[in-house]
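Here the protein sequences line up with chains A and B, keeping their order. Everything in the first sequence is counted per our numbering, starting at 3 for the first residue and increasing by one. Everything in the second sequence is counted per our numbering, starting at 3 for the first residue and increasing by one. Every residue, glycine too, gets a C-beta built ideally from N, C-alpha and C. Given the structure is predicted, the values throughout are model-derived calculations rather than measurements. Structure first, then comments.
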Amino acid sequence: MEKRFKLTKKLQTISLILMLVGLVSGVATYMADTNRFWANILFSNYFFLILALGAAFWLALQYIAEAGWSAAFKRVPEAISCYLGPAFLFMLALVLLGLKYIYPWANPEHLIPEFDKYAEFKEILEVKEPYLNSGFFISRTIIFFVVWLLTTAILRKFSKKEDEDKANALKWFEKSRFFSKVHIFAFAVTFIFAGFDYLMSLEPFWYSTLFSIKELISGFFHASALIILMVYFLHKKGYYPFMNSSHWHDFSKYLFMGSILFAYAWYFQYMLIWYGNIPEEGEYYFLRRFHFSQFLFVLNIVINFFVPFIVLLPNKMAKNPKVLLIMSITILIGLFLDVYLSVFPPLVHTFQGVGEHTHPVFGIYEVGIFLGFVGMFMFVVARNLAKRKTIIPVNHPYIEESLLHHNAH
Amino acid sequence: MSKIVAVYSDDKKLMEAADMLVEAKAPVEEIITPFVIEELLEKFHVKSNIPLLAFFYGVFGVTSVFAALYYTFVVDYPLNIGGKPSLSLTFPVLMFIGTVLITVLSTVGTFFYQDKLFPGKHPDFSYPGINDDKMVVLVDKSKLSADMEAKLREIFEKTGAEKIDEV
């Protein structure tokens, strides 16, 4: 039980090679097409940022609900939330250097087609100027990340104190429980604006008040898929020898519930805009469905909702670790598609060689930069997992319950 | 009809007794507890078909609500609402609500039917404390051999039943 996660040479080499691939393709993309480079940085960084935030939310939720079964796995979301550090650096680089390449409100003459032709474009941007200007945008980014980094670091610190201080373990647990509420509140308030800033302001003429809640739900749902994926591999390596079908079943409940929640969020935004039938609002979906790709748009909801919902419905499938592995990989592909459909449709027309018409652009640059981020994410998470003395928490008040977890059905 | 009644007030002792009863293959008729103990169902291999039936009620609910909406909005009386097609994207809202209603009501109905419960029914069995915090094991005496009865009484005594009674 007193096992420590070992950072193997193989894992380090793989992640370093991936990072190198990312670096090379990043430089190549920057040389070839600056707009495309920053679009890819935003895409890949946001992909892992939302997973890190979702994992921190998942962890806080376990504390608030006083969930006993998940106590043994809490190192995994803690390690994932460490990615917020590198995410901050990339976002900072993006808002300091790349703002005028991808955000149309920062550089309307070049990024909005026929900007000079219509006076309305300028008027709308002038009305939104007090919120959408580069100075405020940069300071918002700093505020968001300071809040997120601080709250997740404090949660990790309490968890570390709980391991070291056996006599006062319960006191530190109570502190974590209280601070989880603070974290969720601070996270919810800041993330609403972060969702507006990073993704919604790519289309400055469009707005939806439901946008950020959909992103928040998506982060929670997809982070639980990532946690399951990591737990599966750690279990395979023998770090969680106690796991039984009840643990897998409880994990799969998160995927099942998350898929329904995601479908709900996806549907309410789409249905309300469809029913409202206002051109300014419909623009967002019109661009994606009829100018970009109808197929990808439908595929998004199919692999994020219908596939996990139907596959995880039978009791036996929900308890099978292999099925869960396949499902969590599918759902992470779903997140890839969801973020791709958020970031790329309004930007592809600025890429070189694409021209006026928008159609899906996906090539070696996207794959290379994304692989670089995968490598960095693996490296950061594995290093933070290896830092902790034991992979299974000691002194956690619910650890026994977690190890002996058993559901009747 | 006479029954042996063993009264417990500690669920841990009851679980011990349950293990021994399963081992002795005792014909336990019923165990009445103030809260749900799902491990008991698992130990006595009691299987319920209600989850499967609930799934089929759900499928029935989805199809029937969709059929009703399709008939009223598309076939029988199509209205032009804001220029939207009659086969509307708002159907899922009503389908969801209707499915939940149909599934819940039919599942509860099935449960009552399977347990032969209905409003105003006279209770099958009553014992002091059964509605409070006591856990009760019931065994039908007419099905027991003398051997088995002695064995059962021994099990109940050994696991610390508060009271062993006959009604």
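Counting only Cβ-Cβ distances below 9 Å, L91(B) has contacts in chain A at Y269, Y272, M273, W276, Y277, in chain order. Per DSSP, the beta-bridge partners of L140(B) are V7(B), E32(B).
In the pairwise beta carbon analysis, the region 287-294 of chain A is classified as touching the region 345-363 of chain A: at least three pairs are separated by under 8 Å. Residue pairing from DSSP places E168(B) in a beta bridge opposite I6(B).
Beta-bridge partners assigned by DSSP to I83(B): K86(B). Under the three-state reduction of DSSP output, Q354(A) falls in the coil class, being neither helix nor strand. Within chain A, no C-beta atom comes nearer than 8 Å to that of G63(B); the closest sits roughly 15 Å away. Put simply, the CB of E40(B) is near chain A, with a gap under 9 Å to one of its CB atoms. Straight-line measurement puts the Cα of G122(B) at about 39 Å from the Cα of K255(A). With respect to the 9 Å criterion, V26(A) and G370(A) are classified as neighbours on the basis of their beta carbons. Contact residues of the region 19-46 of chain B toward chain A are E40, E41, L43, E44 (C-beta to C-beta distance below 7 Å). Under the criterion of beta carbons closer than 8 Å, V233(A) and T192(A) do not qualify as touching, at roughly 28 Å. The beta-carbon of L315(A) is placed less than 9 Å from the nearest beta-carbon of chain B.
Among the CB atoms of chain B, none fall inside 9 Å of the CB of N302(A). What K49(B) touches in chain A, judged by beta-carbon distance under 7 Å, is nothing: the nearest beta carbon there is about 10 Å away. Per the Cβ contact rule, the region 114-134 of chain A is not in contact with the region 157-171 of chain A (fewer than 3 Cβ pairs under 8 Å). In the DSSP assignment, P94(B) falls within the alpha helix (DSSP H) that extends over 93-116.
For V95(B), the nearest CB of chain A lies under 9 Å from its own CB, placing it at the interface with that chain. Judged by beta-carbon spacing, L55(A) lies within the 9 Å limit of A225(A), meaning their Cβ atoms are closer than that value.
In terms of beta-carbon proximity, F68(B) stays away from the interface with chain A, with every pair separated by 9 Å or more. Leaving aside the five residues that flank Y286(A) on each side, the residues in its chain whose CB is nearer than 6 Å to its CB run, in chain order, W208.
DSSP assignment within the region 332-392 of chain A yields the following whole alpha helix (DSSP H) runs of 4 residues or more, N-terminal first: 366-389.
In the pairwise beta carbon analysis, the region 92-108 of chain B is classified as touching the region 66-79 of chain B: at least three pairs are separated by under 8 Å. A Cβ-Cβ separation of about 15 Å leaves V97(A) out of contact with T36(A) under the 8 Å criterion. A direct Cα-to-Cα measurement between K321(A) and S404(A) gives close to 17 Å. Going by beta carbons, P29(B) and M137(B) fall outside the 9 Å limit.
The way I'd put it, the region 197-206 of chain A does touch the region 127-138 of chain A; three or more beta-carbon pairs between them come closer than 8 Å. Here the C-alpha atom of D134(B) lies approximately 26 Å from the C-alpha atom of S50(B). In the DSSP assignment, R38(A) falls within the unbroken alpha helix (DSSP H) covering 36-66. Cβ neighbours of V76(B) within its own chain (closer than 6 Å, five residues either side excluded): S88, L89. Between E128(A) and the set L51(A), N109(A), I140(A), the nearest pair of CA atoms involves N109(A). Any Cβ of chain B closer than 9 Å to the Cβ of N409(A) would place that residue at the interface, and such an atom is present. The alpha-carbon separation between A388(A) and L236(A) amounts to approximately 12 Å. The shortest CA-to-CA distance from S248(A) to any of M319(A), W268(A), L263(A) is the one to M319(A).
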